[in-house]
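Accompanying notes for the structure given below.
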Amino acid sequence: MSGMSKKIGIALANPELFARAINRLYHTKLRETEFNHRGLNFMDQDWDNLIILDGCRYDTFERESNLPGQLSEVESLGSMTVEFLHGNLADRSMLDTVYVTGNGQFYHNSGSLNTSFYDVENVWSEDEFWDEQNHTVLPESMVHCGLQASKQYPNKRLIIHFIQPHYPFIDSDIEIDDAFDPDTPGFWMRLMRGQIDVSEEEIREAYRSNLRIALPHVEKLLTQLSGKTVVTSDHGNMLDERSSPIPIREWGHPQGIYTEELTKVPWLEYQNGPRKDITTGSTKHSDDEVDNETVEEHLKQLGYLS
Numbered sequence: 001m002s003g004m005s006k007k008i009g010i011a012l013a014n015p016e017l018f019a020r021a022i023n024r025l026y027h028t029k030l031r032e033t034e035f036n037h038r039g040l041n042f043m044d045q046d047w048d049n050l051i052i053l054d055g056c057r058y059d060t061f062e063r064e065s066n067l068p069g070q071l072s073e074v075e076s077l078g079s080m081t082v083e084f085l086h087g088n089l090a091d092r093s094m095l096d097t098v099y100v101t102g103n104g105q106f107y108h109n110s111g112s113l114n115t116s117f118y119d120v121e122n123v124w125s126e127d128e129f130w131d132e133q134n135h136t137v138l139p140e141s142m143v144h145c146g147l148q149a150s151k152q153y154p155n156k157r158l159i160i161h162f163i164q165p166h167y168p169f170i171d172s173d174i175e176i177d178d179a180f181d182p183d184t185p186g187f188w189m190r191l192m193r194g195q196i197d198v199s200e201e202e203i204r205e206a207y208r209s210n211l212r213i214a215l216p217h218v219e220k221l222l223t224q225l226s227g228k229t230v231v232t233s234d235h236g237n238m239l240d241e242r243s244s245p246i247p248i249r250e251w252g253h254p255q256g257i258y259t260e261e262l263t264k265v266p267w268l269e270y271q272n273g274p275r276k277d278i279t280t281g282s283t284k285h286s287d288d289e290v291d292n293e294t295v296e297e298h299l300k301q302l303g304y305l306s
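If you're matching positions, the sequence shown starts at 1 in full-length UniProt numbering and goes up one per residue.
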C-alpha cells in the first residue's frame, strides 16, 4: 500500500482525524507555514531568564497562579512544542543563552533546528531526574538544575523548560490501561477517539493539578534567579473544546491548529534585583549523544509519539 493510500485509509477509518487534517490545512494556509506566524518570537524579547511551562493555557494560568509580577497574554508561534522550537529557534546562534530542558524535543529535532546555544542541559536524559513512577521530569528537578545553571553561568540568559502542566499527570488517580505501551496510540489521541473512560472534568482537574504542583517551584525560581524573569508557555492545550473551521471536539495540542486555546499563553514578568550583565561566547555544548531508544521512550511517555 502506498503512503498516500495508507493515509486515506486511516482518515476513512477515523473521521475525526480527517476533520483535523482539513482544519490544519485551513490554519496553515494549505501548509504554506511551518508555524503560527502571528505569534511572538520569545527569543527576541527582553529577559534574563525565561521559564517555560509546557502546554500551559493562559486561562488556566490566570486562574491558578498567584505568582508575583505583571501578567499579560501573548500569542505563541506554535500549537505544539516542535512548532514553537522551529518558530523561535531555527537557524539561530544563541551563544549568550543556556537551555535547561525537561523536554526531549529540542534534542530529537536538533538536526532540523540548527540552533547553537552556549550550553544545553537535557535534564530528561539523566536517570536521576527522570521520574519512573510518573514518567516525567518533576518540577523540583527543574528547579535544582535551573539554579545550578544559574550559578555556573551567571552572565548568560537562561531558559528553564518545565514539563508541567503537560501530561503525564503527577500522582493522578486517573488509571489508563497501557498508557505507556509503545504499541498503543498517544494519550490525547485515545481521548479524542473515546477510547479512555475518563470524564472531561476529571481531565481538566488533572491538568489544573499539574499546574498547581509546578507553581510553587516556579515561585522558588522567581525569588532566587537574578534579573528579569519571564514565565510563559510554548503552547496551550485543547480540553474537549470545538476546533475550527470544522467544529470537532479536540484534545491535546495537535500540530498546525491555531485556536485560542492552543496559542494564547501567559507572559508574566518579574524582576529580582539588578539585571544580568549578559555576555556571549563560543559554544560550550558538547553535544553528548543520548541513546535513540531512550529519546523515543521518554517522548512516548510524555504523549508525543503514538
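All C-beta atoms in this analysis are idealised placements derived from N, C-alpha and C, irrespective of residue type, glycine included. As the structure is a prediction and not an experimental result, all values here were calculated from the model.
With DSSP run on the structure shown, which of helix, strand or coil describes residue i?
i           : result
residue 134 : coil
residue 266 : strand
residue 250 : strand
residue 255 : coil
residue 157 : strand
residue 167 : coil
residue 93  : strand
residue 162 : strand
residue 87  : helix
residue 277 : coil
Mind checking which residues open and close the alpha helix (DSSP H) that includes residue i?
i           : result
residue 104 : It is not in any alpha helix (DSSP H) - residue 104 carries neither H nor E in the DSSP assignment.
residue 121 : Where residue 121 is concerned, there is no enclosing alpha helix (DSSP H), although the beta strand (DSSP E) it sits in stretches over 116–122.
residue 111 : 110–113
residue 129 : Unbroken run through residue 129: none, as it is neither H nor E.
residue 23  : 15–27
residue 141 : 139–152
The beta strand (DSSP E) spanning residue i covers which residue range?
i          : result
residue 34 : Run containing residue 34: none; DSSP gives neither H nor E here.
I need the straight-line Cα distance from residue i to residue j, nearest angstrom please.
i           : j           : result
residue 124 : residue 133 : 14 Å
residue 33  : residue 79  : 13 Å
residue 105 : residue 220 : 25 Å
residue 58  : residue 204 : 14 Å
residue 192 : residue 236 : 17 Å
residue 149 : residue 128 : 17 Å
residue 241 : residue 194 : 14 Å
residue 120 : residue 110 : 11 Å
residue 14  : residue 238 : 19 Å
residue 154 : residue 23  : 45 Å
residue 116 : residue 88  : 12 Å
residue 268 : residue 69  : 6 Å
residue 174 : residue 207 : 11 Å
residue 62  : residue 84  : 21 Å
residue 41  : residue 90  : 11 Å
residue 162 : residue 144 : 12 Å
residue 171 : residue 209 : 10 Å
residue 226 : residue 186 : 39 Å
residue 252 : residue 223 : 32 Å
residue 108 : residue 202 : 31 Å
residue 37  : residue 257 : 12 Å
residue 157 : residue 139 : 20 Å
residue 101 : residue 71  : 23 Å
My understanding is that residue i touches residue j, with C-beta atoms under 8 Å, so please give their C-beta distance in whole angstroms.
i           : j           : result
residue 229 : residue 103 : Not confirmed; about 19 Å, so no contact.
residue 76  : residue 218 : Not really, about 18 Å apart at Cβ, beyond 8 Å.
residue 245 : residue 26  : 5 Å
residue 39  : residue 233 : 12 Å between Cβ atoms; not a contact.
residue 307 : residue 73  : Since the displayed the chain opens at 1 and closes at 306, residue 307 lies outside it and no answer follows.
residue 16  : residue 248 : 6 Å
residue 97  : residue 159 : 6 Å
residue 95  : residue 280 : 5 Å
residue 168 : residue 135 : 5 Å
residue 67  : residue 231 : 7 Å
Worksheet item: What are the uninterrupted segments assigned as beta strand (DSSP E) that are 3 or more residues long and contained completely in the region 40–81, given in chain order?
Response: 49–53, 70–75
Practice prompt. Could I get the ranges of all uninterrupted alpha helix (DSSP H) runs contained in the region 188–252, with 4 residues as the minimum, in chain order?
Written response: 200–224
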